[in-house]
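Numbering (the working numbering), first residue to last: 80 to 248.
Below, the structure is given as structure tokens:
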């Protein structure tokens, strides 16, 4: 009768034998080494393609969400009541996006930046952001502010919308 110890020993011996065989083949067979290297390269390329595809899908989802929420039009309201509603809406949306996690930080930064643009005292609001907003989002907001400031960058010929879009991408 075969015991579990004997089965475990046999499995261990088979595994050790396969490991020795694989190592010998890897060391002595150049074609086998090339095939292993090729397989590793293919796996790395597939992984990079998957990451690029997921990033592209995420970017498309962000753009679709912004369009659905009406965030693509960057028209600052004229009247005080409209500015207050715009500020409140963007602060609420920014907070909601922050609560959804790091994948929505770009949308949150965009909303909070828009709120910052219409707030009467942006320095106070920025100080409040420093205490309540995660550092990656705050960095995005600061980059957007720098891109919007006239003459802030190497070339002022690039429109501010393009600079902000580059930051978001």
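Idealized CB from N, CA, C, for every residue including glycine.
In this structure residue 189 is buried. Its beta-carbon is surrounded by 16 or more other beta-carbon atoms within 10 angstroms.
Under the three-state reduction of DSSP, residue 108 is assigned to coil, being neither helix nor strand. For residue 161, the uninterrupted alpha helix (DSSP H) segment begins and ends at 159-178. DSSP places residue 181 in no alpha helix (DSSP H); its state is neither H nor E. If you draw a straight line from the Cα of residue 173 to the Cα of residue 186, it is about 7 Å long.
Spanning the alpha carbons of residue 128 and residue 193 requires a straight line of approximately 34 Å.
The alpha-carbon separation between residue 219 and residue 104 amounts to approximately 52 Å. By the Cβ-count criterion, residue 81 is exposed, with fewer than 16 other Cβ atoms from all chains shown falling within 10 Å of its own Cβ.
A Cβ-Cβ distance of about 7 Å is found for the pair residue 191 and residue 212, placing them in contact under the 8 Å criterion.
Taking all protein chains in view, the Cβ of residue 178 is surrounded by fewer than 16 other Cβ atoms within 10 Å, so the residue is classified as exposed. Secondary structure at residue 100: helix, using DSSP grouped into helix, strand and coil.
Between residue 184 and residue 214, the C-beta spacing is not below 8 Å.
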